[in-house]
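Reviewing the structure listed below.
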Amino acid sequence: MTDHGPLDAPALPGPPAPGHPPAPGISGSPWVVLAVWSVVVGAGTWLLRSRPDAVPFAILLLPLLGFTVLALFGDAIRDQGEGTGAAWLACSTVVTSFALSVATVYRVMQFPGGHTGLRFTQPYLGFEWIEAGAFRVQVNLLVDNLSSVMMLVVSGVGSLIHVYSVGYMAHDEDKVRYFSYLNLFTFFMLLLVLSGNLPLMFVGWEGVGLCSYLLIGFWFKKKSAADAGKKAFIVNRVGDAGLILGMILAFHTIGTLDLVDLASNATSLSEEALWQFGPITAICLLLFLGACGKSAQIPLQVWLPDAMEGPTPVSALIHAATMVTAGVYMVARLAPLYSLSPTAMLVVAVTGAATSVLGATVALVQTDIKKVLAYSTVSQLGYMFLACGVGAFGVGIFHLFTHAFFKALLFLGSGSVIHALGGEQDMRKMGGLRKRIPWTYWTFVIGTAAISGIPPLAGYKSKDEILGGALAAGWRTLFAVGLAVALLTAFYMTRAVILTFFGTYRGDAETESHIHESPWVMLWPLLALAVGSIAGGYVDIPAFVAPALRLEAREGHPEWLPYLATAVAIAGIALAYYLYALYRDIPGRIYASARGLARVLESKYGFDTLYDGFVSKVVVGGSEEVLWKGLDTRVIDGAVNGTATATAALARRVRVVQSGLVRAYALLILGGAVAVLSYLLWVRP
Amino acid sequence: MTPGALDLRPLFPAMAVALAGVVVLLAQAFTPKGGRAPAAALSLAGLVAGLVAVIVIASGRGRGAVLAGSVAADEYALFFQGLILSIAILAVLLSPSYLRETGTDRGEYYALLLFAVVGMMGLVSALELVAVFVALEIMSVAVYAMAGLRRDREESQEAALKYFITGSFSSAFLLYGIAVLYGLTGTTSLTRIADVLRSGAASPVAGSAGAATALALVGTGLLLVGFGFKVASVPFHMWAPDAYEGAPTTVTALMAAGVKAAAFGGFVRIFQQALPDLAAQWQPAVAVLAVVTMVVGNLGALAQSNLKRMLAYSSVAHAGYLMTALVAAPGRGTEAILFYLVTYAAVNLGGFGAFAALTRSGREPLTLSDMAGLSTRRPLLAAALTVFLVSLTGVPVSGGFVGKFYLFSAAVGAGYVSLAIVGMLMSVVSAYYYLRVVIAMYMREPEGEDTWSPIGAGAGLALAVSTVVVLVLGVYPGPVMDWARMAARSIGSIV
Amino acid sequence: MTLTLFHAILFYAFGGLALGGALVMVSQRNPTYSAFALIVTLVALSAEFGLLGSPFIAALQIVVYAGAIMVLFLFVLMLLSVKAEARVEGEGRVFKLVALALGALLAAEVGSALLAAKTPMAGGFDASARAVARLLFSPQYLYVFEATSILILASLVGAVALARREGGR
Amino acid sequence: MTTDLLAVIVLLPVLGAIVLAFVPASAERAHKVVAIALTTALFLLSLALVEGFRAEPGMQFEVSRDWLPSLGVRYHVGVDGLSLWLIILTTFLTPISLLASWHSIHSRVKAFNIFMLLLEAGMLGVFVALDLFLFYIFWEAMLIPMYFLIGIWGHERRIYAAIKFFLYTMAGSALMLVAFIVLYKTSAAHTFDILALVQRPVAPSLQMWLFAAFALAFAIKVPMFPFHTWLPDAHVEAPTAGSVILAGVLLKMGGYGFLRLAFPLFPDAAHRFAPYIGALAVVGIVYGALVSLVQPNLKKLVAYSSVSHLGFVMLGIAAFTTTSVVGAVYQMLNHGISTGALFLMVGMLYDRRHTFAIEEYGGLKSVMPWFASLFLLVCLSSLAVPGLNGFVGEFLIMIGSWSLSRPMVVLASTGVILAAGYILWMVQRVLYGEVTHEANRALPDLSARELAVVIPMVVLAVVMGVASPLFTRLIEPSVQTLIYDTQSRATARARTVAAAPAPGPTDRGVR
Amino acid sequence: MSPQLVQHALLLSLALFAVGVVGVFLRRNIITIFMCVELMLNAVNLAFIAFSRAWGNLDGQVLVFFVLTVAAAEAAVGLAIIISIHRRKDTLDVDAFRVMKW
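So the sequence lines, in the order shown, correspond to chains A, B, C, D and E. Numbering (the numbering used here) for the first sequence: 27 to 711. Numbering (the numbering used here) for the second sequence: 249 to 743. Numbering (the numbering used here) for the third sequence: 14 to 182. Numbering (the numbering used here) for the fourth sequence: -13 to 497. Numbering (the numbering used here) for the fifth sequence: 580 to 681.
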């Protein structure tokens, strides 16, 4: 995937006017868009005024509506204006959802006690989603401070990425399908964060997984893309199986799957001791398995890097900002439950820490710009779990929040780079782009600074909090790990920036001649996200979500911490600059001297090899040779057919008795007579 | 009835048929050379007259036992006589075209058929062992001869020979059994035999109770051999495949339907009316025979490629099914046998009749490849044959299923669950060979020219009637069941 | 009829003759000899019938069996000019042994029952032709008697149908 | 009820078949039109059952008349929550499969339609029969039209498959018939009437044997591991309509039989055997999934996936809690829709390319976008993505089966993972990638007729996924009564329960 | 000694019957086999007569009468069959007739 671009920027029709990107063809169907837009705005306003309780449902259903329209009438829409109308339709639904979300959050916070949430139960249908015996699943939404944050992130970042996509996908023939998937994703993601109970959340959970599958494999003609989509789905399914079992166990243990009831019932349960594998621990671990799948934690992290086969905006939205954070969201959502199980907490923290190390180290050796970001995401997600595991759930959400901005920014930035280079993703063929695509460069740098934890950017604030949380919980080891990861993060991100934007261009001349800055429709989402990456840290998310998590407010952190963290970040950046900008031959030498380590990192610690081997040899091979051809065909069906064959063979034997010799017939009569008489006289007197 | 004044009304059905036989012979004799006597029509007339007589008697006038209790016109006899006459009518309908195509078209055929029918009718109505024996012999002698009537096929004569030798051999056993029972009881009347056996000591021949029992069992055993032969129960069955295969197909139809029904009619009546007190002894023996018969019959059929022979083995197997209910006689077992014989007769007439109807110029459809693609060339016939095969398999909706259900439920009711299990498992085996024919007809392409005879009116009528009977018995078997129950209950009611 | 020693001697003598004839019959390869041996047996049996007080049946036996049926057999034997069975080395020895064993077993089984039976001899036994005929033509056997007419007719027709030459009509 | 609506529903197809028998075979179009119109009308008529159905336990639309008094057989029919939707499923799938066969059946159209109608009558009969004899008649009679459908209109090895299907299923039910009779003879009720027999179970020791006989018949029909090997053969060789009906309805009869007969008639035996049934069901789930993973043939893959899916059904039945059984019944419907739709769509591929080999396809999404989208949707429904129908059933089953055995549920959950594996792998090989075979390059997308066939199924998959109570509310009362009655009639249980708190419709199963 | 006479007659009848039975298997000529069957019938006749004597009733006599008739009828048909098959195969070896088997 590095040698040629995906269709990320499918064969550019011609050199666009430099510095003056072509405006995507809004002209295609302006009237349609305008009409749709005004209807949507009007309806939204009406809803807010007269049916406020319906608004959360409207937030949800708008993207679904968009999907439905695009799916059913996509062909008709595509026929007009190359599908640009479709793109704007998709954007409009999400943007409207965002607007309604803002209004809803505002409204929720007006309620006394609104911080702990409002439940919205649908009164429209005469039934709920599932009703069977004692098991019922309502269709209810929960809007509290936690889901508010998520809702805003999802619809906000989602809106930006929708808009960005209008430009990014402008030349793709299949953009109707793309936008329909994107809308569907938004719907499921909103459902995930808004649903008031676990099963309904699971609908969103699997739904986003499905959309992820569809979007990773968007360019389905490419085998690697289809493979990656499938891999993502299946790996996620492993986690989902855990999630299902966790839900079942929770239902049978606690008696409810409603999020609010779970939280309140949890308070009446007694805490389990460390290493006591009681039901609560089991529930938490099973659910965490689900979270591992969705949020790409060890041992289920393998799908996320492959997921970069999808269009870059998708990577930004799904595989950085929103979907992959669902696991963190769920763990935080069930904070009261997790708090009862030190074992589970420890597992979450250690897994998160380990994953963050894994991601950060593997990112060091990646040459594909998106892969760097992907492993970075893995690492940062681990960071969030680390926060949750040490009890700083709110901080985890905080990092989730800031990460959404800067990681989306970085992805979109990388998308812009790739767009500029006609699909090139290999950093070894980049360099010196600083001047050619300045807007992209500057926003990318902001994102890098944010993720590296340079004050006063967003990442600095949230990372700081996580380290503080680890320290506060008494986990010095984890704190140290976190610090190390911070160093690595700053290092590999700086490396990426340097390789991409500094130095001289290393690609071929043909591509170089086409390098161009992205259109404005792509740039202004970058700007918006850059603003978020700077300012996001000043929203006190931990305090905001604390009531929803039913947790105590956090303690203060040692005052030396920010300095230490900043110092580490700067050290990382400096080191990277030193190695990649000043003494470029050193990395190669390090490589040469530590081949073993390099190989381990390049093989991503061998997980993929192990899993592939297991799946292809044990599962597929075993199923084919042992189960199907052996057990099924030979043993079971062999027994079935063998019965028939044996009967036929017996029949041929029986038949031979009928010799055709009439005296033999008579003999048998005589024998029969003797037998009958013997039986009557002697056997049965 | 007043002594001296003989009430012969119960004999009218048989007399009508016998008379028809004589008339056929006479008509033959007086037909000028080259002419063709209306033998089939005359036979039909006689058989229909007999059937009418049966119906009249059954409707209330003239029922009872006559001639010093040697022959009965009870519901049982009437049921069987009606059945046998119906079988004969259908067989006669099937015959003309077949005889014409095989060059067997002679007056003797119909006369023999009618005489055989007389024997069958006597067999089911006789209340006395001498009459049973003589009736059995009338039937047998006529059928021996009929089996050998097809001169163009060596098989036909061989069939007659084998049937005759084994038949007379087994008749001697039967006769010895009669002799032993006569010796023990001093009588040949079924009811009086039963009386003597019940009171036990009354016999001057029996030295002791044990000796009496031993003699009674020897007699019973030998009767079992004799009737086992006639119904083609294993191990007395071996004539059946050869005789069925070799005999002219219409005769085979008569053998499979009529002879078997009559033999069972006599079998059941004798064992139920004369030997009820030995039931505890002979019923287990019958059960064993039934199992062996079902297994060997079905396995034998499984290995056949000749369709007539396959159906012959299948008729052996069906004797086994029928015998399972004999362990539950009297009562439900008898009812079940009676009911099953009706559907079984229809099916076999239909099955063999279908082969007969297709025969052209002496060539009969005998192999599976002969039947290939029949459904495209004779769709109605193929459909009818499918119905028969389905019924033989015992799959609903067919009389065969209801009948089998009846039989096995009787066996289970008598405590013989194992019989029902074997029976059902063997039904599964049988499905394989029956279905092969369906496969050939429906799922294979026809080969070569259409060499089969078009279906004549008579044969068509006979096949249609059989089909309808099989299907109606599958959905609405109530009336026939009621008749069967009345008939079964009437055994022993008239002395 | 009283039983005398002479009576008994005759009874056993004819019995032995009958058995001997039978054994000769089954051991002869030539069917014609067998037929003659059978005739001996039949005649001896006729005597046995007479000695058992059944003169009518004894007469009938001679007339019908020895006189008619066996003549028919001989006639056919002559007609078909049947030769003696060819000797085949070791043919069906096992088969014959099994048959012998089974026959013996059958005889043993039936015999054991017969031996256990009492065999009285009723007094005042009258089996004259007159007495037998009275019973034969009583309603009790009327049906069977009439049936035999059909039997004979059937066998007649059957025999004609089978034995008639091809094409003959 | 004075009018016997059920008799009308069952007999209408028979009547139709008789009428068609008199229409000349050359009028093929007339045959098709009449058959489709008739079955569609029957579907609408059967909706009257839903309309008139009250969400209550007990039989509705019940009719009971003397039929064969000498055999103790009555004509007794009725509908309850267990059978209601299965009837609708039958009447729904039949016109669809007829429509799907419009072009793919080109020989002997007359016979095809007649057999389909007879098949429908047989299936409906099984679901309404409340007398063992009547039940068995329909149960067995159905084999014959199916046998012909496979044997005449099937593919290369059709005869082998047809015979195997017939013999295997007949062998299974042979012993069941004996068990029917034994039950009749030994039961105090002395009747074949199911409702009456259920009231008074026979002695527990006898129950074991009878249950085994029943269970064998039903296990083969389901089919449960290891009695499943007839299914792949039958499916692969059957024509599309046959596969749809086979998967959609016939297999359901096994599960239905367990629920209607085996469990309530033999509560003690059910209690005793439930763990074993559950274990086999779980083995089936995993085994079916693993084996379908490696199938090179589309139809075989779907067939083995049926083994896996029906394992869930059987697990739910074995657990015998309200939740699990409602889930099982619902899962039967789901499987009917999603697997039915899969077979329909695979059949559409076959119509175009005359092969089921997966390797012959690939890249179809570029040439047949509508097909691809709908196929994907159907696949997703089959792998139980929540929001579509399959999830509701599987989730209810798993949550309800927890009380039977936790390890079983855990193992069953691996089936969820594997389902994603085999389905998505198949989807990838069929739909994605470049078009590798020249023959596929010009395949036409779905025609209007084909869309009309698939879209109702897809719509139902979605509706059943989001609005399950519309269906389960009618199912649940019957299930609750079934479970309560069965438990209270189990003698082994009665003793232990006596001390326990007052029994109400509980959610804890027989266990 | 008089009662033994009847019993010995019965035993004789049994012996003759057994000889007839065995004879069927010892001989290959169809006519001889047929004669063996006739011998069996005659043996039974002796039993009838003996039993008739034992009981002092005449039913046994009548039975023999009918058996004779049956024997005659069988003989007629049987010999006709034999003639017709001899015509075709020119042999009376019973083992030669096995066109149909298995």
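From the three backbone atoms N, C-alpha and C, an ideal C-beta is built for every residue, glycine too.
By the C-beta density criterion, A/Asp638 is exposed, having fewer than 16 other C-beta atoms within 10 angstroms.
Put simply, the CB of C/Pro44 is far from chain B, with every gap to its CB atoms at 8 Å or more. Against chain E, a Cβ distance below 8 Å from B/Leu299 picks out nothing, because the smallest value is about 27 Å. Taken in chain order, the members of the segment 416 to 447 of chain B whose beta-carbon sits within less than 7 Å of a beta-carbon on chain E are Ser416, Phe417, Ala420, Leu423, Tyr424, Ala427, Tyr430, Gly431, Gly434, Thr435, Thr436. Classified as buried, D/Gly270 has 16 or more neighbouring CB atoms from the shown chains inside 10 Å of its CB. Residue environment analysis places D/Ala174 among the exposed positions, since fewer than 16 neighbouring C-beta atoms fall within 10 angstroms of its C-beta.
Per the C-alpha coordinates, the member of B/Ser617, B/Leu637, B/Gln552, B/Ala604 positioned closest to B/Thr591 is B/Leu637. Per DSSP, B/Trp700 lies in no alpha helix (DSSP H) and is assigned neither H nor E. Fewer than three beta-carbon pairs drawn from the segment 156 to 167 of chain D and the segment 254 to 274 of chain D are found closer than 8 Å, and the two stretches are therefore not classed as touching.
Distances from the CA of A/Gly558 to each of A/Asp79, A/Glu157, A/Leu186 were compared; the closest alpha carbon is that of A/Leu186.
Under a criterion of Cβ atoms nearer than 7 Å, no residue of chain A is adjacent to B/Lys508; the nearest Cβ is some 18 Å distant. DSSP places D/His62 within a strand segment (E or B) once states are collapsed to three. Per DSSP, reduced to three states, the secondary structure at A/Thr147 is strand.
Within a 10 Å sphere around the beta-carbon of C/Met91 sit fewer than 16 other beta-carbons, which makes this residue exposed.
If you draw a 10 Å sphere on the C-beta of D/Ile303, you find 16 or more other C-beta atoms in it, and that means buried. For A/Val702, the neighbours in chain B by C-beta distance under 7 Å run, in chain order, Gly469, Leu472, Val473, Ala533. Against E/Asp674, the close residues of chain A are Leu687, in the order they occur along the chain (beta-carbon pairs closer than 7 Å). Take the alpha-carbon of A/Ser341 and the one of A/Asp198: they are about 17 Å apart. Within the segment 502 to 531 of chain A, the alpha helix (DSSP H) runs of at least 4 residues that lie entirely inside it are, in chain order, 502 to 527. A Cβ-Cβ separation of about 5 Å places D/Leu(-2) in contact with D/Leu28 under the 8 Å criterion. Cβ atoms of A/Val388 and A/Lys630 come within 8 Å of each other, at about 5 Å. A/Ile477 and A/Phe517 have their C-alpha atoms roughly 11 Å apart. Close to A/Val680, with beta-carbon spacing below 9 Å, are these residues of chain B in chain order: Val543, Val544, Leu547, Gly548, Leu550, Ala551. Of the candidates D/Ser368, D/Leu251, D/His295, the residue whose Cα lies closest to the Cα of D/Ala267 is D/His295.
Secondary structure at A/Trp245: coil, using DSSP grouped into helix, strand and coil. Annotated three-state conformation of B/Arg557 is helix, per DSSP.
According to the DSSP assignment, A/Arg162 belongs to the beta strand (DSSP E) that extends over 161 to 163. If you ignore the 5 residues before and after A/Ile472, its C-beta comes within less than 6 Å of the C-beta of Ala556, Ser559, all in its own chain and listed in chain order.
Residues Leu343, Ala347, Thr348, Ala430, Ala434 of the same chain have their beta carbon placed closer than 7 Å to that of A/Val183, with the five preceding and five following residues left out of the count.
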